[in-house]
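Student: Chains A and B, in that order, are what the protein sequence lines are.
In terms of this note's numbering, the first sequence opens at residue 1 and continues consecutively.
In terms of this note's numbering, the second sequence opens at residue 96 and continues consecutively.
Heads up, the beta-carbon is just placed ideally off N, CA and C, and yes, glycines get one too.
Before anything else, here's the structure in question.
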Amino acid sequence: MTTMAILTIFLLSIFVGFEVVAKVSTTLHTPLMSGANAIHGIILVGAILVADKATSTLETTLSILAVVLATINMVGGFVVTDRMLEMFKGKGGKK
Amino acid sequence: MNSNLYALIGLGVAVSFIMALKGLSAPKSARRGNLIGATGATIATVVVFFDPSSTKHHNTGLILAAIAFGVLVGVPAARKIQMTQMPQLVALFNGVGGGAAALVATVEYLNLSSEGKPSTANIVATVFTVIVGCTSFAGSVITFLKLQELMTTRPVIFPGGRFVIAATLAGVLATGGWTIASGGNTPLLVMGGLSLLFGVLFVLPVGGADVPIVISLLNAFTGLTVAASGYVLQSTLLIVAGTLVGASGTILTRLMAQAMGRSLFGTLFGAFTAKPQAAVGASEVRPVKSGSPDDVAILLNYASRVVIVPGFGLAVAQAQHTVRELADLLSTKGVEVAYGIHPVAGRMPGHMNVLLAEANVPYEQLVEMEEINPTFPQTDVVLVVGANDVVNPAAKTTPGCPIYGMPILDVASAGNVIFLKRSMRPGFAGIENDLLYDAKTTLLFGDAKDSLTKVVSALKNL
């Protein structure tokens with residue numbers, strides 16, 4: 001990948017990131033933070049990639065540790081966000 | 096797998112994350128948004144095993160075992176956690192994510208180094224990831240300890256603290272420069288260690304009330320480290336996802352700081368400007384007016400408008416349901432009832448809305464601060480349940496106190512104020528509340544749920 005392509009992706013992502021959350025109400029700050037937190041658990045993909053080609057004991061140990069931590073971040077993050085949002089949902093149904 | 100197909104799936108996952116964040120910004124679509132994100136993340140995790148550029152497959156069994164272990168730790172933690180403790184769990188999840196990013200970049204660096212000196216751009220990205228990832232990890236652990244009240248929630252400030260922090264930061268940057276110049280493994284490890292120390296020192300001086308802002312900021316940081324490690328690994332998906340979280344997290348941090356009336360700069364660099372506080376509360380005993388549940392019931396019964404201000408104490412006592420019972424009973428007696436929700440009631444913005452939603456409190460009764468404040472002069476009784484800092488007039492009147500400048504619920508302008516408190520202990524921010532000693536204030540001591548139950552039964556007998 002060329003540096004220019006990476007820079008383009010990076011800059012456009014910044015703007016998208018700014019835009020999508022610009023008008024969020026305070027009520028949703030906590031779930032949104034938690035959801036964004038789960039999304040950066042995608043580092044799991046990176047952890048798997050490095051673990052896959054690790055050969056030395058040190059590299060293997062560190063990368064497997066990274067896989068564990070990233071999984072906790074991603075899976076736990078999405079589950080806890082869902083639990084929070086589940087409570088918001090109930091009201092609409094009962095009215 | 097065909098490399099074009101692989102890239103296409105990566106693009107689809109990136110789009111799913113954008114849709115997830117978009118969905119999470121509106122109440123209606125929030126849950127669906129989260130599910131879209133989770134689906135995308137799952138797909139990405141599965142297809143990465145078929146990455147066409149990675150052909151070695153040394154540790155597939157170990158990786159799968161590690162994922163299984165991570166799921167076994169993460170899911171029960173997320174399922175079983177009390178909603179009151181949820182902020183610290185999010186902090187912890189964020190911390191392990193930052194730690195993972197730092198580890199990924201370190202391993203890739205070791206791997207590249209074994210084939211000769213990595214390119215400068217790669218070293219710079221690695222240095223960035225390790226510094227910020229380690230800071231985020233250590234900082235999140237400290238926020239966890241603060242929120243879990245395993246350590247003091249007050250700002251920890253020691254003499255010369257700011258010089259220690261500045262020196263640590265200088266050390267981090269110097270070892271970073273050293274790593275970039277020499278490319279060895281030792282400088283990187285020293286830098287990682289110093290970054291961990293910096294993360295601890297960075298969060299220690301932050302007061303309890305500012306902790307949510309710091310969690311949000313560290314969350315944005317972790318996003319950026321993920322983007323940087325995506326650069327090292329040449330993964331578009333990691334770059335996009337990490338940058339999205341970094342950018343949206345920054346905005347969210349600013350919005351939160353605004354909602355709390357805090358300057359972001361002041362929160363972040365509090366460490367450099369904070370002075371050791373004079374020990375407030377030389378424990379002079381001032382008279383307070385304490386009442387019985389019957390007194391409270393009578394006050395409430397003859398009111399025409401009551402505002403309930405819930406705080407973290409309500410959540411701790413699990414009194415959401417009892418407070419709703421009281422509100423329902425008052426409504427049947429013709430009393431107008433509303434809940435005044437401070438943006439940061441609880442521990443994080445929106446936290447109290449989550450807790451009250453859990454108890455099925457009707458959404459229309461939850462009134463936000465800006466709307467409820469002008470109505471306090473027409474309110475006969477304000478019932479403060481386990482809240483303190485969010486109604487503390489010191490935020491307006493005492494420059495220099497840790498919550499000065501934070502918008503508060505103006506309960507002092509109501510006819511009567513009733514505090515349900517366990518003790519005279521100050522709130523999370525650790526500041527004395529003058530309103531407790533005011534003539535129109537009545538205190539009802541005891542566990543919030545206990546007290547409320549007594550008030551409800553007293554009210555039924557009236």
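In three-state terms, what does DSSP make of Y434/B?
Tutor: DSSP places Y434/B in strand when its eight states are reduced to three.
Student: Buried or exposed: A366/B, going by 16 or more other Cβ atoms within 10 Å of its Cβ?
Tutor: For A366/B, the predicted structure reports a pLDDT of 47, less than 50, and the residue's modelled location is therefore unreliable. The matter cannot be settled from this model.
Student: Taking C-beta to C-beta, are V45/A and L333/B nearer than 8 Å?
Tutor: Yes, they are a contact pair.
Student: Is it buried or exposed for A392/B, if we count other Cβ within 10 angstroms and need 16 for buried?
Tutor: The residue in question, A392/B, is buried, as its Cβ has 16 or more Cβ neighbours within 10 Å.
Student: Does DSSP put K95/A in a helix, a strand or coil?
Tutor: Any reading at K95/A needs caution, since the residue's pLDDT is 30, under 50, leaving its predicted position unreliable; the model's value is listed next. The answer is coil: DSSP assigns K95/A none of H, G, I, E or B.
Student: State yes or no: is the beta carbon of L7/A nearer than 8 Å to at least one beta carbon in chain B?
Tutor: Not an interface residue.
Student: In chain A, which residues lie with their C-beta within 7 Å of the C-beta of H446/B?
Tutor: Those within 7 Å of H446/B in chain A are T30.
Student: Can you tell me the Cβ-Cβ gap for V485/B and V418/B, rounded? I've got them flagged as a contact below 8 Å.
Tutor: Not confirmed; about 16 Å, so no contact.
Student: Could you work out which residues of chain B lie near M87/A, taking near to mean beta carbons separated by less than 7 Å?
Tutor: Under the 7 Å cutoff, chain B gives V449, A452 and E453.
Student: If contacts are defined as beta-carbon pairs under 8 Å, then D475/B and N511/B qualify, I think. What distance do you get, rounded to the angstrom?
Tutor: Between N511/B and D475/B the Cβ distance is about 7 Å, and since that is below 8 Å, they are a contact.
Student: Hey, out of V404/B, A412/B, A489/B and V449/B, whose CA is closest to R517/B's CA?
Tutor: Out of V404/B, A412/B, A489/B and V449/B, A412/B has the C-alpha closest to the C-alpha of R517/B.
Student: First and last residue of the alpha helix (DSSP H) that includes E420/B?
Tutor: From DSSP, the alpha helix (DSSP H) with E420/B extends over Q415 to T427.
Student: Buried or exposed for K544/B, going by 16 or more other Cβ atoms inside 10 Å?
Tutor: The residue in question, K544/B, is buried, as its Cβ has 16 or more Cβ neighbours within 10 Å.
Student: Determine, using beta carbons only, whether M33/A comes closer than 8 Å to chain B.
Tutor: Yes, its Cβ sits closer than 8 Å to a Cβ of chain B.
Student: Would a check of beta-carbon distances place T57/A closer than 8 Å to chain B?
Tutor: False, the Cβ-Cβ gap to chain B never drops below 8 Å.
Student: Per DSSP, which residues does K516/B bridge with? Please list them.
Tutor: Paired residues: F540/B.
Student: Is the Cβ of I42/A closer than 8 Å to any Cβ of chain B?
Tutor: I42/A counts as touching chain B.
Student: Looking only at DSSP bridge pairs, what is G211/B linked to?
Tutor: Paired residue(s): S209/B.
Student: Can you look up N528/B in the DSSP assignment and give me helix, strand or coil?
Tutor: In this structure, N528/B counts as coil in the three-state DSSP scheme.
Student: Is I498/B helix, strand or coil by DSSP?
Tutor: DSSP places I498/B in coil when its eight states are reduced to three.
Student: Measure the Cβ-Cβ separation of L504/B and I467/B and say whether it is below 8 Å.
Tutor: Against a cut-off of 8 Å, the Cβ pair of I467/B and L504/B comes out as a contact.
Student: Of all the alpha helix (DSSP H) runs that stay within the bounds of the stretch 116-182 of chain B, which reach a length of 4 or more residues?
Tutor: List check, alpha helix (DSSP H) in window: 125-142 and 155-175.
Student: Taking just the CA atoms, how far does T320/B sit from P2/A?
Tutor: The question names Pro, yet the displayed sequence has Thr at residue 2/A. Spanning the two alpha carbons is a distance of roughly 20 Å.
Student: Start and end of the beta strand (DSSP E) containing E459/B?
Tutor: That residue, E459/B, is in no beta strand (DSSP E); it is neither H nor E in DSSP.
Student: Between T71/A and chain B, is any beta-carbon pair separated by less than 8 Å?
Tutor: T71/A counts as touching chain B.
Student: Excluding the 5 residues flanking Y101/B on each side, which residues of the same chain have their C-beta closer than 8 Å to its C-beta?
Tutor: Hits under 8 Å: V142, F145, D146 and P147.
Student: Indicate whether the contact test is met: 3 or more Cβ pairs, each with one atom in the stretch 4-16 of chain A and one in the stretch 34-54 of chain A, closer than 8 Å.
Tutor: In short, these stretches do not touch, since the Cβ pair count stays below three.
Student: Measuring CB atoms only, is the stretch 199-206 of chain B touching the stretch 156-166 of chain B, in the sense that at least three cross pairs come out at less than 8 Å?
Tutor: Short answer: they don't touch.
Student: If you check the beta carbons only, do L421/B and V550/B fall under 8 Å apart?
Tutor: Against a cut-off of 8 Å, the Cβ pair of V550/B and L421/B comes out as a contact.
Student: Cβ atoms of A507/B and C496/B: under 8 Å apart, would you say?
Tutor: For C496/B and A507/B, no; Cβs fall outside 8 Å.
Student: Near A398/B, which residues of its chain fall below 7 Å by C-beta distance, leaving aside the five closest residues on each side in sequence?
Tutor: Cβ within range, chain order: V430, D475 and V476.
Student: Report all residues from its chain with a CB closer than 6 Å to the CB of P307/B; omit the five preceding and five following residues, and keep chain order.
Tutor: Cβ within range, chain order: M443.
Student: What's the call for P472/B, buried or exposed, on a 16-neighbour Cβ count within 10 Å?
Tutor: So P472/B ends up on the exposed side.
Student: At which residues does the beta strand (DSSP E) containing V476/B begin and terminate?
Tutor: Run containing V476/B: V476 to V480, per the beta strand (DSSP E) assignment.
Student: Spatial neighbours of A354/B within its chain, please: C-beta separation below 6 Å, excluding the five flanking residues on both sides.
Tutor: Same-chain partners within the cutoff: P438 and P444.
Student: In chain order, which continuous runs of the alpha helix (DSSP H) of length 4 or greater are located wholly inside the stretch 15-50 of chain A?
Tutor: Runs of the alpha helix (DSSP H) inside the stretch 15-50 of chain A: 29-39.
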